DNA sequence: GCGCGTTTCTGCAACGTTGTAGTCTCAACC
DNA sequence: GGTTGAGACTACAACGTTGCAGAAACGCGC
């Protein structure tokens, strides 16, 4: 049987409420009493029962991180950053994967699990602007990523369009003029894919390079394997190209592998840049240029915003949109 | 305010206990009553309060996964597998990272967070046999990995020694005779590093190849970067070698990169095999041979064992040791 | 010495759920 | 016709904590 407030109170010779007060830093307690109670807590090894506390106070100290897929290195690294930021604030993190599309996302969002947590960090994948009303509840929530723009919740995002524009411009600045884009979602506007395609087109336009739809390679799921398969199909089409902007690193790495199998030199024949700056890009052959979206900054900002919402549940401050810094990281795959 | 049993009971015209009984599949309920209650639940959108349930029943439906580091692809993939296995059994997973060594591990294990969960999957990193007594409590727990052998808890492990022996034997069977081992922890016996080194030595002995300590490369932390740095130092020593067994894939990938920078051909000059079968190994250049430890099987077995312990808290069945299958995956880095 | 405010501490109720121990009804049995 | 037993349901008391209201003790000014 676990130690409870009752046991501590009995040993210290005070009421359980006084023990509770000591634990919760209630100011009006005599130093002598505080010491007695703290000694009893130490002696018994008392640990508060978080279920009871959560039931009574409505706060559990746990937040939920909803991401598509831990196998994707970007999300694994983001989850790592979120957990470190959360730990620094005394929070635990429940990770939920949602690889199953819109229906599953809504199910998880509305499921009983979410009752256990104080707030949600939600990396939106399948939901769109038209689903924003589903989020219009009182649960503290911060959105990561870019699906819903004018939703009712705070929003922390990398600068997708600007980052992708900078990546494309980087290849153009090297003199490449047939730059392919890997990872488009045809028809999409508000998601990462749509925004990154937009940035790609902006960069082309600024340089006066004509946009060629034949250079836009659709990839629905953004894993290594998908990038590899898409590149294999693209090469089979025989479209000439001398640059490649991968909308994330994993796809770019998969594609690099296929290009090299096909005898293409990187960066000689094709200069390549990815997006996300996952660790692997430093060790691939060749190492992969990329956009560093400052995952740590995303994570810290998101946790801070969420904590603010958790601590001021009645605040009707309007939803905020924060964008984090990014920078172009040049490596061997786009060496001059 | 959230909907409670009281609201449902009022609407359905029954007692709250009956609603509770319906929810918990108590058998003796008239179909008509059940329907009324279910209709009321649907109408109100009732969700049970998990804190209250957990307080009353002592079960939260959440398990904890303690791992060193999500940035390490092996653990990210293992976490993914665990979460899928847990989800299939209706459990949520709280992931805690413990990069901080023994003191931090014990702190987390004993912290109040652990009160919230029904059981713990613990991928032991820093704790040793001498710490086994710290685990001698009533919390359901399954150990992953290999630190503590005769501890009081169930234990699911990959076959470290056998896997590593098979990996080494694979390179020997290709005719390599100067096979280096990457990732040793000098002095360690019971950890993965010690066991894998043991398997390496067994394979050498079976083939009658002399064990040369100069070929054993120590690496304390098993990330890409550490593998790369260790290989750089090893190459600087000028020790001749024609094969490399990496004790995990990340290190092997970092080392491959460095070897190729140094002009070595893989597998021509050095045949390489790793351990873990992370996704990245399929797309590296060259693709990396490895040992597939069946992470899915590890995860499923561990979750099953844990659930068994959770459901039979009083059972004093002795601790079990289960080892999962593994297989050698030959790829380009050790092509014939 | 009295009133008033502050400090220090306590008792009680409540959070929403489930386990235990019932009550009541009705059918089956001798 | 009374006993038995199962079925269907309910009342009540917990689980361990914290918010609220209040009691006792104390200090201060007049």
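Residue numbers (this note's numbering), protein chains in the order written: chain A, 409 to 744; chain B, 409 to 744.
Every residue, glycine too, gets a C-beta built ideally from N, C-alpha and C.
Just so you know, these numbers come straight off a predicted model, no measurement behind them.
Can you tell me which of the three DSSP states residue i falls into?
i, result
"residue 563 of chain B", "strand"
"residue 691 of chain B", "coil"
"residue 698 of chain B", "strand"
"residue 638 of chain B", "helix"
"residue 731 of chain B", "strand"
"residue 736 of chain A", "strand"
"residue 430 of chain B", "helix"
"residue 497 of chain B", "coil"
"residue 546 of chain B", "coil"
"residue 467 of chain B", "coil"
"residue 578 of chain A", "helix"
"residue 605 of chain B", "helix"
"residue 479 of chain A", "coil"
"residue 438 of chain B", "coil"
"residue 584 of chain B", "coil"
"residue 673 of chain B", "coil"
"residue 686 of chain A", "coil"
"residue 572 of chain A", "helix"
"residue 512 of chain B", "helix"
"residue 520 of chain B", "helix"
"residue 420 of chain A", "helix"
For residue i and chain B, any beta-carbon pair shorter than 8 Å?
i, result
"residue 636 of chain A", "yes"
"residue 463 of chain A", "yes"
"residue 629 of chain A", "no"
"residue 705 of chain A", "no"
"residue 702 of chain A", "no"
"residue 611 of chain A", "no"
"residue 586 of chain A", "no"
"residue 459 of chain A", "yes"
"residue 640 of chain A", "no"
Identify the contact partners of residue i in chain B, using a Cβ-Cβ distance below 8 Å as the criterion.
i, result
"residue 494 of chain A", "Here the premise fails: no neighbours, minimum Cβ distance about 10 Å."
Which residues share a DSSP beta bridge with residue i?
i, result
"residue 653 of chain A", "A:589 and A:681"
"residue 530 of chain A", "A:474 and A:551"
"residue 502 of chain B", "A:502 and B:472"
"residue 625 of chain A", "A:590"
Which chain A residues sit within Cβ distance under 9 Å of residue i?
i, result
"residue 718 of chain B", "Those do not exist, as residue 718 of chain B stays about 15 Å from chain A at its closest Cβ, beyond 9 Å."
"residue 632 of chain B", "687, 688, 690 and 691"
"residue 573 of chain B", "By Cβ distance, chain A contributes nothing, its closest Cβ being about 27 Å from residue 573 of chain B, past 9 Å."
"residue 665 of chain B", "690, 691, 692, 693 and 695"
Please list, in chain order, the chain B residues whose beta carbon lies closer than 9 Å to that of residue i.
i, result
"residue 661 of chain A", "688, 691 and 692"
Determine, for residue i, whether the minimum Cβ-Cβ distance to residues of chain A falls below 8 Å.
i, result
"residue 643 of chain B", "no"
"residue 479 of chain B", "yes"
"residue 668 of chain B", "yes"
"residue 743 of chain B", "no"
Sorry if obvious, but does the Cβ on residue i come closer than 7 Å to a heavy atom of the ligand MG?
i, result
"residue 520 of chain B", "Within the structure as shown, the ligand MG is missing, as the structure has no ligands at all."
Closer than 7 Å by beta-carbon distance: list the chain A residues that pair up with residue i, in chain order.
i, result
"residue 468 of chain B", "459"
Note to self: Counting only Cβ-Cβ distances shorter than 7 Å, please list the residues of the region 444-457 of chain B near chain A, keeping chain order.
What the structure shows: Residues passing the 7 Å Cβ filter: 455, 456 and 457.
Check: Residues in the region 482-506 of chain B with C-beta within 9 Å of chain A's C-beta atoms, listed in sequence order?
Finding: 483, 484, 485, 487, 488, 491, 492, 495, 500, 501, 502, 503, 504 and 505
Check: Taking a cut of 9 Å between CB atoms, which residues from the region 517-551 of chain B lie near chain A?
Finding: 518, 519, 520, 521, 522, 523 and 524
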